[in-house]
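There are 2 protein chains.
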Amino acid sequence: MEIDSRSRILSTARELFHSRSYADVGVKEICDSARVQKGSFYHFFPSKRDLALAVIDDMADEWAHGFVAEAFDRELPPVERLDYLIDAAYYWQKAAKDIEGRMPGCLFGNLALEVSTRDDVLRAKLTAVFNKTRDQIRETLDDAVATLAIEPLDSEKTATAMLAFLEGVILLAKTRNDPEVVRIVGPAIKTLRIETTH
Amino acid sequence: MEIDSRSRILSTARELFHSRSYADVGVKEICDSARVQKGSFYHFFPSKRDLALAVIDDMADEWAHGFVAEAFDRELPPVERLDYLIDAAYYWQKAAKDIEGRMPGCLFGNLALEVSTRDDVLRAKLTAVFNKTRDQIRETLDDAVATLAIEPLDSEKTATAMLAFLEGVILLAKTRNDPEVVRIVGPAIKTLRIETTH
DNA sequence: GCTTGACTAGACTGACCGGTCAATTATACT
DNA sequence: AGTATAATTGACCGGTCAGTCTAGTCAAGC
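Chains as they are written, first to last, in our numbering: chain A, 7 to 204; chain B, 7 to 204.
Spelled out as structure tokens, the structure:
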């Protein structure tokens with residue numbers, strides 16, 4: 007009758023995990039919200055953990071083809087891409103807070119801190135997502151160096167630092183439940199630099 | 007008979023919350039590890055949540071009088087204090103990983119992401135801890151400016167950015183379960199700058 | 001018409017959750 | 001010594017957890 011139970015479970019779980027947490031959201035609640043019965047859930051997903059794996063994949067895809075793809079549009083001048091990244095993070099968090107009253111933060115960062123001491127498979131998956139984003143930042147930096155927009159630097163390490171900064175800013179903003187932290191402090195991402203070691 | 011049940015509960019809970027998570031560690035497990043009965047637990051703490059509040063206070067105290075106090079020793083040249091901060095974070099995480107096999111990350115950061123969408127009181131307490139640390143970094147920056155070690159900047163915003171970066175680096179390192187991330191990327195904290203707005 | 005297999009329904013399981021409570025023991029003060 | 005109070009014990013509670021299981025629906029292929 008319903009169009010697609012599996013994808014409904016998936017997107018519902020993603021929303022709930024994002025706005026609360028993995029541990030805090032039970033299978034029953036996901037089923038209720040997705041208007042699906044327990045039996046159907048376990049028909050599509052062997053376990054809650056496997057659902058989490060699927061959610062990360064799902065989100066990573068949308069992330070990659072969504073605003074990250076836009077932010078890292080190679081038509082844009084490299085340095086602008088970093089501003090775009092911060093802007094996107096800001097507006098996203100702000101919109102979520104305006105609607106739900108709470109800043110959800112970054113799903114990947116949230117999950118990373120929650121599960122990475124308990125589940126190495128989930129941890130590896132999240133590491134891969136982070137690495138992918140870092141690589142996009144690195145490309146941006148390489149472009150910026152190539153176009154002489156910035157001085158040469160260690161693009162991989164600097165990209166890692168920038169990703170860490172982005173996650174840290176979102177963490178702090180979420181703790182204060184105030185997206186303005188992203189807008190005000192975020193742009194400092196451009197000042198981060200790690201020199202190449204010879 | 008036993009020396010101090012309350013403090014035993016407190017330190018046990020701190021360790022368990024740090025190495026796993028708030029949600030993942032139950033009251034029973036805390037009691038077992040602290041060799042205390044359920045009833046004694048609820049004699050000292052009205053609820054698990056109140057224990058979390060006490061754990062944050064406890065940790066914040068030790069944090070403030072421990073290596074943070076050392077790192078922010080005003081005898082040290084200001085810029086060195088930032089290096090000391092990164093070093094301390096690195097060695098702490100590395101030691102924990104060598105012993106337990108896992109990087110626990112920052113207790114405050116972990117808790118912040120886990121509970122701040124659910125509990126505003128805990129969130130406020132964690133915000134206060136972060137603000138205190140940010141203020142210590144700000145003092146450091148003000149000292150650095152005063153001694154002409156660095157160019158003038160917006161010390162409060164820059165300090166916020168630095169704290170965010172520290173938390174982000176620890177988050178990323180924890181996700182990779184690799185403290186080296188802190189050592190390699192951490193020192194970039196000194197390159198962060200937010201100019202004063204006139 | 002019959003079979004097959006994907007999908008749904010929802011009661012049920014055993015473990016575990018945070019928390020309660022009455023009874024007991026240890027400690028401290030008068 | 002007597003008494004109040006602090007600390008401790010461990011059985012117990014209702015509820016919820018992830019996950020299981022059986023029964024059944026339904027559409028496609030033969």
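Note that the Cβ used here is the ideal one computed from N, Cα and C, for glycine as well.
It should be emphasised that the depicted structure is a prediction, and the values quoted were computed from it without experimental measurement.
| query | Is the Cβ of Thr-123 of chain A closer than 7 Å to any Cβ of chain B? | reply | Position 117 of the first sequence, counting from 1, holds the residue named residue 123 of chain A. It does; some Cβ of chain B falls within 7 Å.
Chain B contact residues for Pro-110 of chain A, given Cβ-Cβ distances below 8 Å: Within the first sequence, residue 110 of chain A is the residue found at index 104, counting from 1. Neighbours of Pro-110 of chain A on chain B, chain order: Thr-123.
Under 8 Å Cβ to Cβ from Asp-126 of chain A, same chain only, skipping five residues before and after it: list those, please. For the purposes of this step, residue 126 of chain A is taken as the residue at position 120 of the first sequence. Counting only residues of its own chain and dropping the five nearest sequence neighbours on each side, Asp-126 of chain A has no CB closer than 8 Å to any other CB.
inquiry  = Determine, for Lys-180 of chain A, whether the minimum Cβ-Cβ distance to residues of chain B falls below 7 Å.
reply    = Residue mapping note: residue 180 of chain A aligns to position 174 of the first sequence, counting from 1. Yes, contact with chain B.
Exercise. Classify Pro-110 of chain A as buried or exposed, calling it buried when 16 or more other Cβ atoms lie within 10 Å of its own Cβ.
Key: Within the first sequence, numbered from 1, the residue matching residue 110 of chain A stands at position 104. Buried: at least 16 other Cβ atoms inside 10 Å.
Could you compute how far the alpha carbon of Ile-62 of chain B sits from the alpha carbon of Leu-82 of chain A? Numbered from its first residue, the second sequence carries residue 62 of chain B at position 56. Numbered from its first residue, the first sequence carries residue 82 of chain A at position 76. Between Ile-62 of chain B and Leu-82 of chain A, the C-alpha separation is close to 45 Å.
(message) If the cut-off is 8 Å on Cβ atoms, which residues from the region 144-172 of chain B count as contacting chain A, listed in chain order?
(response) Listed in sequence order: Lys-163, Thr-164, Thr-166, Ala-167, Leu-169, Ala-170, Phe-171, Leu-172.
Review point. In chain order, what residues of the same chain have a beta carbon less than 7 Å from the beta carbon of Asp-64 of chain A, not counting five sequence neighbours either side?
Key: Here residue 64 of chain A corresponds to residue number 58 of the first sequence, with the count starting at 1. Excluding residues within five positions, the ones whose Cβ falls inside 7 Å are Leu-16, Arg-20.
*Consult DSSP for Ile-15 of chain B and reduce its assignment to one of helix, strand or coil.*
For this step, residue 15 of chain B is matched to residue 9 along the second sequence. DSSP places Ile-15 of chain B in helix when its eight states are reduced to three.
| Cβ of Glu-8 of chain A within 7 Å of any chain B Cβ | Reading the first sequence from its first residue, position 2 is the one you call residue 8 of chain A. For Glu-8 of chain A, the pLDDT reaches just 44, beneath the cut-off of 50, and the residue's location in the model is therefore unreliable, although a value from the coordinates is still provided. Chain B, which has no Cβ nearer than 7 Å to the Cβ of Glu-8 of chain A, makes this no.
Assuming the contact rule is C-beta atoms closer than 8 Å, Glu-201 of chain A and Asp-160 of chain A should be a hit. Round their C-beta distance to whole Å, please. If you number the first sequence from 1, residue 201 of chain A lands on position 195. If you number the first sequence from 1, residue 160 of chain A lands on position 154. Going by Cβ atoms, the distance from Glu-201 of chain A to Asp-160 of chain A rounds to 6 Å, so yes, they are a contact pair.
> Hey, how far is the Cα of Val-175 of chain B from the Cα of Ala-194 of chain B?
Replying inline: Translated into the one-based positions of the second sequence, residue 175 of chain B becomes position 169. Translated into the one-based positions of the second sequence, residue 194 of chain B becomes position 188. Going from the Cα of Val-175 of chain B to the Cα of Ala-194 of chain B covers about 10 Å.
- Since Ser-11 of chain A contacts Phe-50 of chain A with CB under 8 Å, what's their CB separation in whole angstroms? As a first step, residue 11 of chain A is located in the first sequence; it is residue number 5 there, counting from the start. As a first step, residue 50 of chain A is located in the first sequence; it is residue number 44 there, counting from the start. Correct: roughly 7 Å between the Cβ atoms.
Review point. For the candidate residues A:Pro-185, A:Ser-46, A:Gln-43, whose alpha-carbon lies nearest to that of Ile-105 of chain A?
Key: Locating residue 105 of chain A in the first sequence gives position 99, counting from the first residue. Looking from the CA of Ile-105 of chain A, the closest CA among A:Pro-185, A:Ser-46, A:Gln-43 belongs to A:Pro-185.
How about the region 129-143 of chain B and the region 65-76 of chain B: do they share at least three Cβ pairs that are nearer than 8 Å?
yes
- Going by CA-CA distance only, name the one from B:Ile-92, B:Ala-152, B:Phe-114, B:Val-121 that's closest to Val-31 of chain A. Numbered from 1 along the first sequence, position 25 holds the residue referred to as residue 31 of chain A. Minimum Cα distance to Val-31 of chain A is reached at B:Val-121.
**Item:** Reduced DSSP category for Met-7 of chain B - H, G, I as helix; E, B as strand; rest coil
**Value:** On the second sequence, position 1 is the one that residue 7 of chain B refers to. Note on Met-7 of chain B: pLDDT 39, under 50, position unreliable in the model; no value is reported.
State yes or no: is the C-beta of Ala-118 of chain A within less than 7 Å of the C-beta of Val-191 of chain B? In the first sequence, counting from the first residue as 1, residue 118 of chain A sits at position 112. In the second sequence, counting from the first residue as 1, residue 191 of chain B sits at position 185. For Ala-118 of chain A and Val-191 of chain B, no; Cβs fall outside 7 Å.
*Alpha carbon to alpha carbon, how far is Glu-173 of chain A from Phe-23 of chain A?*
For the purposes of this step, residue 173 of chain A is taken as the residue at position 167 of the first sequence. For the purposes of this step, residue 23 of chain A is taken as the residue at position 17 of the first sequence. Their Cα atoms are separated by approximately 17 Å.
Could you work out which residue in A:Thr-123, A:Cys-112, A:Phe-171, A:Lys-163 is closest to Thr-203 of chain A when comparing CA atoms only?
The sequence position of residue 203 of chain A within the first sequence is 197, counting from 1. Comparing alpha-carbon positions, the option among A:Thr-123, A:Cys-112, A:Phe-171, A:Lys-163 lying closest to Thr-203 of chain A turns out to be A:Lys-163.
As assigned by DSSP and simplified to three states, the class of Val-191 of chain B | Position 185 of the second sequence, counting from 1, holds the residue named residue 191 of chain B. Helix.
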